[in-house]
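Residue numbers for the sequence shown follow the numbering used here, so the first one is 9 and each next one is one higher.
Just so it is clear, CB atoms sit at the ideal spot from N, CA and C, and this is done for glycine as well.
Structure first, commentary second.
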Amino acid sequence: MTSPSLFSRQAWTGIVVCCVVLAALPLLNLLFADGHPLHVPSYMVSLIGKFMCYALAALALDMVWGYAGILSLGHGVFFALGAYAHGMYLMRAIGREGSYASDLPDFMVFLDWKTYPWFWAGTDSFWYCLALVVLVPGVLAFVFGYFAFRSRIKGVYFSIITQAMTYAFMLLFFRNNTGFGGNNGFTDFKRILGYSISAPGTKATLYLVTLAALLAALLLCRAIVKSRLGRVLQGVRDSESRLMFIGYNPLWFKLFVWTLSAVLCGIAGALYVPQVGIINPSEMSPANSIEMVIWAAVGGRGTLLGPIVGAFSVNGLKSWFTGAFPDLWLFALGLIFILVTIYLPQGLAGLTARWRKEQA
Numbered sequence: 009m010t011s012p013s014l015f016s017r018q019a020w021t022g023i024v025v026c027c028v029v030l031a032a033l034p035l036l037n038l039l040f041a042d043g044h045p046l047h048v049p050s051y052m053v054s055l056i057g058k059f060m061c062y063a064l065a066a067l068a069l070d071m072v073w074g075y076a077g078i079l080s081l082g083h084g085v086f087f088a089l090g091a092y093a094h095g096m097y098l099m100r101a102i103g104r105e106g107s108y109a110s111d112l113p114d115f116m117v118f119l120d121w122k123t124y125p126w127f128w129a130g131t132d133s134f135w136y137c138l139a140l141v142v143l144v145p146g147v148l149a150f151v152f153g154y155f156a157f158r159s160r161i162k163g164v165y166f167s168i169i170t171q172a173m174t175y176a177f178m179l180l181f182f183r184n185n186t187g188f189g190g191n192n193g194f195t196d197f198k199r200i201l202g203y204s205i206s207a208p209g210t211k212a213t214l215y216l217v218t219l220a221a222l223l224a225a226l227l228l229c230r231a232i233v234k235s236r237l238g239r240v241l242q243g244v245r246d247s248e249s250r251l252m253f254i255g256y257n258p259l260w261f262k263l264f265v266w267t268l269s270a271v272l273c274g275i276a277g278a279l280y281v282p283q284v285g286i287i288n289p290s291e292m293s294p295a296n297s298i299e300m301v302i303w304a305a306v307g308g309r310g311t312l313l314g315p316i317v318g319a320f321s322v323n324g325l326k327s328w329f330t331g332a333f334p335d336l337w338l339f340a341l342g343l344i345f346i347l348v349t350i351y352l353p354q355g356l357a358g359l360t361a362r363w364r365k366e367q368a
């Protein structure tokens, strides 16, 4: 599949314009008072920040599905693990401001824990937790991917075991004795790096960091796709047996892009937590991983920009739909996926390419 957006002059112009507009939103929220025509509500800043985290996760999935042909139904676990890793620091940063005025998080006091579990050691350090954000999803993906790819598990079988993996982690994290808050997870965050997490300036900073991370990830993925490595990955997608015949070992190429994708997804989860204010095991549900696939499919897999557009489009529609028809959203989401599969197999990016071709 050839991407229509790697990247034309119009695509670059669109990227720059979108970045400027997105960067302006938190500034308009800070500079203009409520009621001013140029004021952007705080809820809108938080909502778009959340969408950008989803867009980063969709971009990560596109690298493995769109360019290496590896369909994952378990990327929700990498997203959630990155969120939990950052959430551990945010819980430690609450200090004695919890309901029980204890050095331990409220959920540990409630469950009669006397001290932190061993794996919480060092989580009072922001930088240590940032390392965990990268290492925990990355190591899990590397180990899982090594054994799966070495065994030449592919296609629907690989998709099924990734879904089983995320479901197993969800059940594990729902247990109260694992030290991650059980079904309530982590919430009631107070500060990050000493700043109030609810302050408008902090929210604006988190938003802009998310935008910068999304742009950096897009440029990194584009560089990989345009390189020789990217061409090998597309060879894995299109004809893995032929690639092996000419002397390449697909194992390490697949393992690289799989691990990179997991790390990007973990970073997306880490940026998601302070902006949304909660992380619990429901983020690991198989349904969330399937939604990521739908974002990529709607936008157009194998295009980089397409999944980002798909994440914004689907989640924007979800925000409206769940307000207007809350009981019908899952039916609407299923219908969207069916219609896109039948009539827009290349997603919105393919529709744009077809329109440009007709205009030429």
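Hey, out of the options, whose CA is closest to residue i's CA?
| i | options | result |
| --- | --- | --- |
| residue 361 | 333, 311, 131, 47 | 311 |
| residue 89 | 42, 146, 120, 78 | 146 |
| residue 263 | 212, 284, 229, 158 | 158 |
| residue 278 | 15, 194, 171, 364 | 194 |
| residue 98 | 216, 29, 112 | 112 |
| residue 351 | 228, 306, 330, 166 | 306 |
| residue 70 | 299, 363, 150 | 299 |
| residue 63 | 221, 246, 353 | 221 |
| residue 119 | 169, 56, 144, 188 | 188 |
| residue 144 | 100, 196, 165, 87 | 87 |
| residue 319 | 165, 349, 142, 356 | 356 |
Which whole-angstrom value is the C-beta distance of residue i and residue j, which I expect to be below 8 Å?
| i | j | result |
| --- | --- | --- |
| residue 37 | residue 25 | Contact flag wrong, Cβ pair sits at about 20 Å. |
| residue 65 | residue 94 | The pair is not a contact, with the Cβ atoms about 15 Å apart (cut-off 8 Å). |
| residue 322 | residue 302 | 6 Å |
| residue 191 | residue 115 | Going by Cβ atoms, the distance from residue 191 to residue 115 rounds to 10 Å, so no, they are not a contact pair. |
Keeping to the same chain, check which residues put their C-beta closer than 7 Å to that of residue i; ignore five residues upstream and five downstream.
| i | result |
| --- | --- |
| residue 280 | 58, 61, 91 |
| residue 174 | 82, 84, 85, 292, 294, 297 |
Between residue i and residue j, what straight-line distance do the alpha-carbon atoms span, to the nearest angstrom?
| i | j | result |
| --- | --- | --- |
| residue 50 | residue 260 | 45 Å |
| residue 137 | residue 185 | 21 Å |
| residue 75 | residue 232 | 10 Å |
| residue 130 | residue 295 | 33 Å |
| residue 250 | residue 332 | 51 Å |
| residue 227 | residue 148 | 25 Å |
| residue 345 | residue 363 | 21 Å |
| residue 254 | residue 160 | 18 Å |
| residue 371 | residue 102 | The structure shown does not extend to residue 371, since the chain is modelled only from 9 to 368, so the question has no answer here. |
| residue 31 | residue 211 | 13 Å |
| residue 19 | residue 225 | 16 Å |
| residue 13 | residue 230 | Low confidence applies to residue 13: its pLDDT is 46, below 50, so where it sits in the model is not reliable, and the reading given next is rough at best. The straight-line gap from Cα to Cα measures roughly 10 Å. |
Suppose the cutoff is 8 Å on Cβ atoms and the five residues either side in sequence are ignored; what does the same chain contact list for residue i look like?
| i | result |
| --- | --- |
| residue 27 | 219, 223 |
| residue 96 | 128, 131, 137, 140, 194 |
| residue 41 | 47 |
Sorted by chain position, which residues of the same chain lie with C-beta nearer than 6 Å to residue i's C-beta, five sequence neighbours on each side aside?
| i | result |
| --- | --- |
| residue 68 | 269, 272, 273 |
| residue 214 | 282, 283 |
| residue 78 | 72 |
Does residue i have its Cβ less than 8 Å from a Cβ in chain B?
| i | result |
| --- | --- |
| residue 260 | Protein chain content of the structure displayed is limited to a single chain, and chain B is not contained in it. |
Mind checking whether the beta-carbon of residue i lies closer than 7 Å to any heavy atom of the ligand HEM?
| i | result |
| --- | --- |
| residue 143 | As for the ligand HEM, it is missing from this structure, which has no ligand bound. |
Exercise. Counting only runs that start and end within the region 149–230, where is the alpha helix (DSSP H) found for 4 or more residues in a row?
Worked result: 163–182
Exercise. Mind pulling the alpha helix (DSSP H) runs of 4 or more residues that sit fully within the region 301–332?
Worked result: 313–332
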